[in-house]
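Peer 1: Going from the sequence shown to our numbering is simple: count from 1 and add 70.
Just so you know, even glycine gets a beta-carbon here, dropped at the ideal spot from N, CA and C.
Here it is, the structure in full.
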Amino acid sequence: MKKMSWLFCIWMICAVTACSKNSKTSNDNTAPPENPPGSEEVVYDETGCLYKSYKNLVMAGYQGWFAAQGDASERGWYHYQNGSCGGFLPGCSAVDFWPDMSEYVKKYKSPFQFPGGTDAYLYSPYDEESVDLHFKWMKDYGIDGVFMQRFVGEIKSSNVKGKRHFNKVLENALKAAEKYQRAICIMYDLSGCTSEDVAYLEEDWNELQTLFSLFDNKKHPTYVRHNGKPLLSIWGVGFNDNRKYTIANVDQLVTKLKGKGNKVSVMLGVPYYWRSLKNDTENSAQLHALIKRSDIIMPWAVGRYDNNNYSNVAGVELAADIQWCNTNKVDYVPLVFPGFSWGNLKNDPASYNSIPRLKGDFLWKQIAGARLSGAPSLYVAMFDEIDEGTAIYKCARESELPLHADKRFVGIEDDLSSDYYLWLTGQAGRWFHGEGGYSATKPVR
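Okay, here's the thing in structure tokens:
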């Protein structure tokens, strides 16, 4: 009897701790193998997974591409600097917004100063402490999590420092996601890719499994699943802006990633006018065929409308997009963004605040439009994108900005707090989680 009890306990322990991607012997009495002999379908154990679907989630994109002079990445002021005007110094930068640095543990003195002569500091996501703070904000304000961007041009083996940087930022993020129980998912950005680069994505994806064991439920219980599989996002298919790769290249990649056993679910980032194949979209039926093989699509809405014409543009596209997806059994995630500004990145003063934030009115109009049209979840562009002024994290206000010679920085509106867009996005999260009391009227803080 004692022997039987002992064996039963061992069996129970194994069954409870079983995680995906662990091979089982033929006499193991725990969960069946994920891909048993003769099976066409991978079956993942989702025991302990906190996010088994993207539905009802509000997640943001996380660039993580900044570096600071003096951090361990050895990349200088990467992505803060602007090569077209000489680097990172007063009168030349790539960023329009300036982070609110009051809560960061590690800070790096920048070449900029405030009007009173004090030095202005910046952070680096290469530092674990800084990424930890960002994920703490997500939890504090009720944002479900983020898609970690991996720019394929940055992570090729030939770009040693780039690959090391994005792997370190991902390592930081995975730790913080588990700590704060925030959803996390990989998103590859194909911008600037060749067809060979698109094929390389599979190699990098396989490397990540070796490095981080992303599908291990115990190590990473917050990695997003969808339709019973780990989710992987690929952004940038179907655009008609003369890219050096094709829809067919992405189709081949998706076939490999899903594989014979349908190894992952795939979310595609597509042009805004993907359904009608017009404007920003390549006029190819291949795109629709690829979308139908995918699990989720996320149309890129940044720059496609502003507060004045949102209703005319999205009013036509949004509901019809959702209906198409419902008919073709593809999930749909609309994108919202707080505003847009890239005057410094483009060295063009006319591009400061080109799509004004309007104290959150513009962002909430999109949130309400998506929710009232029946969208079950949301993608927010972006958490930390200060190059193009779409960041929702804490940024300095208009009266708190460093000097910038003949240029300027753009700030959060003075009568708002630096965390306002985090808070407003968190209100969207509550609405998409099913809480009542929300409408097209922006909530009052």
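#1: Per DSSP, W305 forms a beta bridge with which residues?
#2: How far does the beta strand (DSSP E) with I366 in it reach, from first residue to last?
#3: If you draw a straight line from the C-alpha of Y380 to the C-alpha of Q436, how long is it?
#4: Can you tell which of M208, N287, E266, A190 has its C-alpha closest to the C-alpha of R252?
#5: Return the Cβ separation of L473 and F182 in integer angstroms, given the expectation that the two are a contact with Cβ distance under 8 Å.
#6: On the CB-based measure, 16 or more other CB atoms within 10 Å of its CB, does L442 come out buried or exposed?
#7: My output table needs one value for S200: the three-state DSSP class, helix, strand or coil.
#8: Closest by CA to M337, which one among G329, I361, T316?
#9: Please report the distance separating the alpha-carbon of A390 from that of R345.
#10: What do you get for D259, buried or exposed, if any count of 16 or more other CB atoms within 10 angstroms of its CB means buried?
#11: Give the single residue among V112, G215, Y490, G459 whose Cα lies nearest to the Cα of K125.
#12: Could you tell me the boundaries of the alpha helix (DSSP H) in which Q279 lies?
#13: If you drop the 5 nearest sequence neighbours on each side, which residues of the same chain put their C-beta closer than 7 Å to that of Y250?
#14: Mind checking V201: buried by the 16 CB within 10 Å criterion, or exposed?
#15: Sorted by chain position, which residues of the same chain lie with C-beta nearer than 6 Å to A371's C-beta, five sequence neighbours on each side aside?
#16: Along the chain, where does the alpha helix (DSSP H) that runs through G499 open and close?
#17: Could you give the DSSP three-state label for T188: helix, strand or coil?
#18: Does the pairing of the segment 411 to 423 with the segment 474 to 484 give three or more beta-carbon distances under 8 Å?
#19: Please return the same chain residues whose Cβ sits closer than 7 Å to the Cβ of E199, not counting the five positions on each side in sequence.
#20: I need the boundaries of the alpha helix (DSSP H) containing K326, first residue and last residue.
#21: Spatial neighbours of K122 within its chain, please: CB distance less than 6 Å, with the 5 preceding and 5 following residues excluded, ordered by chain position.
#22: Assuming F217 is part of the alpha helix (DSSP H), what are its boundary residues?
#23: Under a three-way DSSP split, which group does P169 fall into?
#24: Who are the near neighbours of T511 in its chain, counting only those whose CB is closer than 7 Å to its CB and skipping five residues on each side?
#25: Tell me whether E387 is buried or exposed, calling it buried when 16 or more other Cβ atoms sit within 10 Å of its Cβ.
#26: Beta carbon of S366, beta carbon of V400: below 8 Å?
#27: Can you pull the DSSP bridge partners for T351?
#28: Quick one: residues in its chain with C-beta nearer than 7 Å to the C-beta of R363, no 5 flanking neighbours on either side, listed in chain order?
#29: In the structure shown, what three-state DSSP assignment does R363 receive?
#30: How do the segment 414 to 434 and the segment 485 to 502 stand: do at least 3 beta-carbon pairs fall below 8 Å, yes or no?
#31: How close, in whole Å, do the beta carbons of L327 and W394 come, if the pair is a contact with beta carbons under 8 Å?
#32: Return the first residue and the last residue of the alpha helix (DSSP H) that F13 is part of.
#33: Is K238 helix, strand or coil when you go by DSSP?
#34: Closest to T516 by C-alpha separation, out of Y375, N382, V307, would be which residue?
#35: Around the C-beta of H235, are 16 or more other C-beta atoms found within 10 angstroms, so that it is buried, or is it exposed?
#36: Please state whether DSSP places S469 in a helix, a strand or coil.
Peer 2: Taking the structure as given:
#1: D259, G339
#2: 366 to 370
#3: Take the alpha-carbon of Y380 and the one of Q436: they are about 8 Å apart.
#4: M208
#5: The Cβ separation is near 7 Å, so the contact holds.
#6: exposed
#7: helix
#8: I361
#9: 9 Å
#10: By the beta-carbon neighbour count (other beta carbons within 10 angstroms, threshold 16), D259 is buried.
#11: G215
#12: 265 to 282
#13: F205, K206, M208, K209
#14: Residue environment: V201 is assigned as buried (16 or more neighbouring CB atoms within 10 Å of its CB, all protein chains considered).
#15: Y342, L405
#16: 490 to 502
#17: Correct three-state label for T188: coil.
#18: yes
#19: For E199, where only same-chain residues beyond five positions count, the Cβ hits under 7 Å are V175, K176.
#20: 317 to 328
#21: E116, R295
#22: Taken as a continuous stretch (DSSP letters only), F217 belongs to no alpha helix (DSSP H), being part of the beta strand (DSSP E) at 215 to 221.
#23: If DSSP states are grouped into helix, strand and coil, P169 belongs with the strands.
#24: none
#25: buried
#26: Sequence inspection shows Ile at residue 366; the Ser mentioned does not correspond to that position. Yes, the pair counts as a contact, with Cβ atoms nearer than the cut-off.
#27: F309
#28: V324
#29: helix
#30: yes
#31: The Cβ separation is near 24 Å, so there is no contact.
#32: Residue 13 lies beyond the residue range present for the chain, which begins at 71 and ends at 515; the question has no answer from this structure.
#33: helix
#34: It is not possible to answer for residue 516, since the shown part of the chain is limited to 71 through 515.
#35: Its Cβ being crowded by 16 or more others within 10 Å, H235 is buried.
#36: helix
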